[in-house]
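For reference, the structure is listed below as structure tokens.
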Amino acid sequence: MNLQQLEYLSILAKVQNYTQAAKILHVTQPTISYSITNLEKELGTELFEKHGRNIVLTKQGELFNKGASQALQILNNTTEELKREQNKDNVVKVASLRTLFYSWLPNTIKNFTTSFSPSEIQPKFKFTSSNGYSKAILNNLLEINCDIAFCSKVNNHPDIDYFPVVEQNLVLITPLDHPLADLESVDLVDTLKYKQITFSPTSGLSSELKQLFSLCGGMPESIYEVEEDEAVAGMVSAGFGIGVVPDMYNLKSLPLSIIPIRFPVWHRLIYMATLKGHYQTPASRAFINFVKETTHLKNNITQI
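Right, here's the structure in full:
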């Protein structure tokens, strides 16, 4: 007895005609007849009997077909479930800072997917939504809403592994008509007398900038606290104050003066964060390994 015989039995029981069953199954009529005859011999009973020009199930056939249909349904359901699980294994769930989407993350994913041969199934990426700042992204990771997070190191959580992937320059941004706007470079000590747009404590940059300004001997007056880099840039371009942000591509699209910081010398690190002991799908493991093998920070001090 095999699966093909059960499938033939199921179709034949429904249409009650060998010719119609053969058309549905795309086989010859003798093929079905031979298969059913062998099944009857194995079971030691007749499954069908003639009824005019058609055939119908015998009582024994009805009993066997009922059990066979249930078995086929269970097998089909299990097969579909297996396919769904296999599809999940091919998905990489990612949460990331928005600034990485300008260049680094899309290029990294492109290089990863093109490393597969044409005969291999390429992994699919699913991007988990978040508020866009590091603490929210890490909460997504801790709640297992994603497998991999790209963000700042907000804390030294014992369940999170951090791997540095991008080192980014910090710059001062000012409105075009600001007294500092024409400087070629700036010492942050000279910015302390001006009102600034700063990062709220929920942002990974907040603690970094506190360390940065501590080297300058003071803290700037914060007129507004926001969570994201883009928000700082927008507020500065509207003339509310000045700010220190990562050097991002989208800064050039705003009416801003972008000034390199001469002192203190500082770079912002962005990390790939993963949960210790968390099951990673084969696709996620492959991507994590690819990032680690291809990341060289000395070549990654860049605009993102």
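Start counting the sequence shown at -10; every next residue gets the next number (the working numbering).
Glycine residues also receive a C-beta, built at the ideal position from the N, C-alpha and C atoms.
Rounded to the nearest whole angstrom, the CA to CA distance from Ala262 to Ile137 is 6 Å.
Closest by C-alpha distance to Asn79, out of Glu51, Phe90 and Ile110, is Ile110.
Taking 4 residues as the minimum length, the alpha helix (DSSP H) runs contained wholly in the region 179 to 227 are 193 to 203 and 218 to 226, in order along the chain. Taking a cut-off of 8 Å for Cβ pairs, the region -2 to 5 and the region 45 to 59 touch, as three or more such pairs fall below it.
In the three-state DSSP reduction, Pro253 falls in the coil class, being neither helix nor strand.
Bounds of the alpha helix (DSSP H) holding Ser123 are Ser123 to Leu131.
In this model, Val154 and Ile259 are separated by some 6 Å (Cα to Cα). Between Pro147 and Gln(-6), the alpha-carbon positions lie close to 56 Å from each other.
Counting other Cβ atoms within 10 Å of its Cβ, Pro209 reaches 16 or more and is therefore classed as buried. The closest CA to that of Ser211, considering only Gly230, Arg251, Lys142 and Leu(-2), is found on Gly230.
Annotation: Asn158 to Leu245 spans about 17 Å, alpha carbon to alpha carbon. Within its own chain, the residues whose Cβ lies closer than 6 Å to the Cβ of Thr102, once the five positions on either side in sequence are excluded, are Gln111, listed in chain order. In the structure shown, Thr26 adopts helical secondary structure according to DSSP, grouped into three states. DSSP, read as helix, strand or coil, puts Thr284 in coil. Just so you know, the alpha carbons of Ala10 and Pro107 end up roughly 38 Å apart.
Counting only the Cα atoms, Glu197 lies some 22 Å from Phe90. Comparing alpha carbon positions, the residue from Arg274, Gly50, Ile250 and Val280 closest to Leu177 is Ile250. Just measuring C-alpha positions, the residue of His15, Ile149 and Ser22 sitting nearest Leu(-2) is Ser22.
Under a 10 Å Cβ-count criterion, Val143 is classified as buried, with 16 or more other Cβ atoms of the shown protein chains found around its own Cβ.
According to the DSSP assignment, Thr163 belongs to the beta strand (DSSP E) that extends over Ile149 to Pro164. Non-local C-beta neighbours of His40 in its own chain, meaning closer than 8 Å and more than five positions away in sequence, comprise Gln5, ordered along the chain.
A distance of 7 Å or more separates the beta carbons of Glu214 and Tyr122. Collapsing the DSSP output to three states places Asn54 in a helix. Asn79: not part of any alpha helix (DSSP H); DSSP gives it neither H nor E. Under the three-state reduction of DSSP output, Ser246 falls in the strand class. Exclusion of the five residues before and after Ala170 leaves Thr163 and Ser246 as the residues of its chain whose Cβ lies within less than 6 Å of its Cβ. The DSSP-derived three-state label of Thr34 is coil. Going by beta carbons, Asn129 and Ala84 fall inside the 7 Å limit. It is roughly 45 Å from the alpha-carbon of Thr270 to the alpha-carbon of Gly50. When the five nearest sequence neighbours on each side are left out, the beta carbons in the same chain lying within less than 8 Å of the beta carbon of Val81 are those of Pro112, Lys113, Phe114, Lys115, Asp136, Ile137, Thr270, Ala272, Ser273 and Phe276, in order along the chain.
Judged by DSSP secondary structure, Phe90 falls outside any beta strand (DSSP E); it is assigned neither H nor E.
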